[in-house]
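Peer 1: Residue numbers (the numbering used here): -6 to 614.
Built from N, CA and C at the ideal position, the CB exists for glycine as well.
Here the structure is a predicted model, which is why all the values come from computation and not from measurement.
(1) In its own chain, which residues sit with a C-beta less than 8 Å from the C-beta of residue 284, not counting the 5 before and 5 after it?
(2) Alpha carbon to alpha carbon, how far is residue 330 from residue 504? Give it in angstroms, no decimals.
(3) So residue 239 and residue 324 are supposed to be a Cβ contact under 8 Å. How far apart are they, rounded?
(4) For residue 489, which residues from the same chain have a beta carbon less than 6 Å from its beta carbon, with the 5 sequence-adjacent residues on both sides left out?
(5) Leaving aside the five residues before and after residue 568 along the sequence, list all residues of the same chain whose C-beta is less than 7 Å from its C-beta, in chain order.
(6) Apply the 10 Å Cβ neighbour rule to residue 343 and answer buried if 16 or more other Cβ atoms are within range, or exposed otherwise.
(7) For residue 459, which residues in the same chain have their Cβ closer than 6 Å to its Cβ, ignoring the five residues on either side in sequence?
(8) To the nearest angstrom, how far is it from the Cα of residue 50 to the Cα of residue 272?
(9) At which residues does the alpha helix (DSSP H) containing residue 478 begin and terminate?
(10) Can you tell which of 224, 465 and 155 has the C-alpha that lies nearest to the C-alpha of residue 169?
(11) According to the neighbour-count rule (16 or more other Cβ atoms, all chains shown, within 10 Å of its Cβ), is residue 559 buried or exposed?
(12) Cβ of residue 392 within 8 Å of Cβ of residue 366?
(13) Quick check on the DSSP output: the alpha helix (DSSP H) that includes residue 317 runs from which residue to which?
(14) In or out: residue 221 buried (at least 16 other Cβ within 10 Å) or exposed?
(15) Quick check on residue 337: does DSSP put it in helix, strand or coil?
(16) Please go through the region 210 to 286 and give each complete alpha helix (DSSP H) segment of 4 or more residues, from N-terminal end onward.
(17) Please determine if the region 180 to 191 and the region 208 to 224 are in contact, where contact requires at least 3 C-beta pairs separated by less than 8 Å.
(18) Within 10 angstroms of its Cβ, does residue 599 collect 16 or more other Cβ (buried), or is it exposed?
(19) Alpha carbon to alpha carbon, how far is residue 359 from residue 529?
(20) Could you check whether residue 397 and residue 588 sit closer than 8 Å to each other, using their CB atoms as the reference points?
(21) Rounded to whole angstroms, what is the Cα-Cα separation between residue 15 and residue 45?
(22) Would you report the Cα separation of residue 540 and residue 442, rounded to the nearest angstrom?
(23) Which whole-angstrom value describes the C-beta separation of residue 527 and residue 471, a residue pair presumed to lie in contact below a C-beta threshold of 8 Å?
(24) Please confirm if the region 199 to 212 is in contact with the region 277 to 292, defined as three or more CB-CB distances below 8 Å between the two stretches.
(25) Jot down the residue ranges of each uninterrupted alpha helix (DSSP H) in the region 12 to 79, minimum 4 residues, whole runs only, in chain order.
(26) Determine the direct distance from the alpha carbon of residue 148 to that of residue 12, and round the result to whole angstroms.
(27) Which of the three DSSP states, helix, strand or coil, is assigned to residue 606?
(28) Rounded to the nearest angstrom, what separates residue 452 and residue 474 at their Cα positions?
(29) Rounded to a whole number of angstroms, what is the C-alpha to C-alpha distance between residue 409 and residue 457?
(30) With 16 other CB atoms within 10 Å as the buried threshold, where does residue 484 fall?
(31) When you compare each of 77, 371, 414 and 141 to residue 390 by their alpha carbons, which one comes out closest?
(32) Less than 8 Å between the beta carbons of residue 322 and residue 28, yes or no?
(33) Report the residue ranges of all alpha helix (DSSP H) runs contained in full by the region 170 to 198; include only those spanning at least 4 residues, in chain order.
(34) Under 7 Å Cβ to Cβ from residue 304, same chain only, skipping five residues before and after it: list those, please.
(35) Going by the CB atoms, is the gap between residue 227 and residue 243 shorter than 8 Å?
(36) Nearest-angstrom Cα distance between residue 54 and residue 345?
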């Protein structure tokens, strides 16, 4: 690069340049002092805004004059300081920041007589033109590299990685397309001691970019299942300029990698390190609960979830004023489907309650569900919305799970209270006429969830009455459940010939709800000595879901009790030709899984095997 003789400045311009530089340096010092200031957060925020306006006014003054080579280092420095402070205060990168970068590049090209009046090149082309200019002053390079680092930040934040790679290739004189290698090999020129002050220099911003990209890449590789590569990228991130909150994410992600690779003990070591950092404890606690679940340590899993709820309930009021571009600003918020999505306190409470219910801790589950409902109802009016793919259930399903937990815990009366509350919120939303029911059945984009919630509520009420030995009330609720569920179920999926292997899991849930209600009502008929009525319900349950072991068990038992041996033999032989249900493939709501567990007969397989053996022996005779 050839050197250029700088023309002597006119005295007034030279004097003004010194004043402008002093003002820039004063504003930088003022901003740095604010990070240590003990005044209130609101006051410091106002002073930082005043500092930003100071940079803006200074920039307008310089850019109101013709571009001049001697003033460019100061002008580019002020542009950098303005962008850094504005992005930091907003904690966001707006489109007009790119325009500030573009204006700086255009000013450089104006001094080189390379910018035509009508040309409107893209930013990438502007950078190629500026960096290929042979007459750039060495004094300009530190500021230009700082501007390039801010351009890299903006392109990384918007996922313009191709443009970012091209820029770094030009800066490094390298052709590799490995962005991590380009960032590591980029060596920005050091700022001279007499140069205008910068809030962050190019080297510091490069370190932020390097850690951010390594972390982003590692998290993306974790999500896509490239676990070995994710480990390498995350180790790279941890070894760089890694703020505590980011270090917690990195250690947690490494723990997730190791858990998914089948090494839960090493995963726990990284999660312990994440907790030792002392900030953002929720994320490693959530991952720890997954590790303990994999290890089969239920007590430790539930302890972790309990601590997670406490961690998310704590209010963290940050008094730290962010005046620099940091790694966190370049990391996207985790998607709800991501293993690094921590969720809210209510979602954590729901996870704790549901795991207690699933692991047989019904009393604890019941208390957690009641706390959760109180929490949700006390915050804001929840919507009765259909379930989505996001974590957590909608409010009606939480009511149903709470009722199931209360029944399981022996609190049938409390379960009835919860069910009555849910019915008061949902019954009015049911279709009022047969034509509306027909329209509900024809909907293809979403299931008419409200009738399912109401019918499931009647199912749980029936179970609660059954626990209380109130047969009349139990039969009434089971019958109301069946009436509703038959209305909602499409006619072409009712009766004999349909199977439980539906394309949509909601169809499976609907049919399982139907089968559960039929078997539950059948058991009430049996308890009241009305085997013939029970037989009809058990028979209908196996017609709806051929291969259903529970329905087959109760049907055969009832036929045997009624001494209808030939029908029992005929049914058993037909059942041998049917495939058993693939229960592992189902995705049923937790409240329905719990109800199914109540009607699941003990020693079902033994009974069916013994029945078959006895049948074969009678045939031999």
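Peer 2: Once the coordinates are examined:
(1) Once the five neighbours on either side are set aside, the close Cβ partners of residue 284 are 248, 252, 257, 260, 261 and 264.
(2) 28 Å
(3) 7 Å
(4) With a pLDDT of 39 at residue 489, under the threshold of 50, the modelled position of this residue cannot be trusted, and the question is left open.
(5) 545
(6) buried
(7) So the qualifying residues of the chain are 467.
(8) 39 Å
(9) 464 to 481 is the extent of the alpha helix (DSSP H) around residue 478.
(10) Of 224, 465 and 155, the residue nearest in Cα terms is 155.
(11) exposed
(12) Yes.
(13) Run containing residue 317: none; DSSP gives neither H nor E here.
(14) exposed
(15) Of the three classes helix, strand and coil, the one that applies to residue 337 here is coil, per DSSP.
(16) Here the runs fully enclosed are 220 to 231, 237 to 253 and 257 to 270.
(17) Taking a cut-off of 8 Å for Cβ pairs, the region 180 to 191 and the region 208 to 224 do not touch, as fewer than three such pairs fall below it.
(18) Using a 10 angstroms sphere on the CB of residue 599, the tally of other CB atoms stays under 16, which defines it as exposed.
(19) 35 Å
(20) yes
(21) 16 Å
(22) 27 Å
(23) With 8 Å as the limit, residue 527 and residue 471 do not qualify as a contact, their Cβ atoms being about 12 Å apart.
(24) At 8 Å Cβ cutoff, the stretches do not touch.
(25) 34 to 56
(26) 34 Å
(27) helix
(28) 6 Å
(29) 7 Å
(30) Residue placement at residue 484 is poorly supported in this model, since its pLDDT is 47, which falls under 50; the coordinates are not used for a value here.
(31) From the listed residues 77, 371, 414 and 141, the smallest Cα separation to residue 390 is found for 414.
(32) Result no, Cβ atoms of residue 322 and residue 28 do not sit closer than 8 Å.
(33) 172 to 178
(34) If we look at residue 304 and ignore the five residues flanking it on each side, its Cβ neighbours are 274, 275 and 278.
(35) Yes, the pair counts as a contact, with Cβ atoms nearer than the cut-off.
(36) 60 Å
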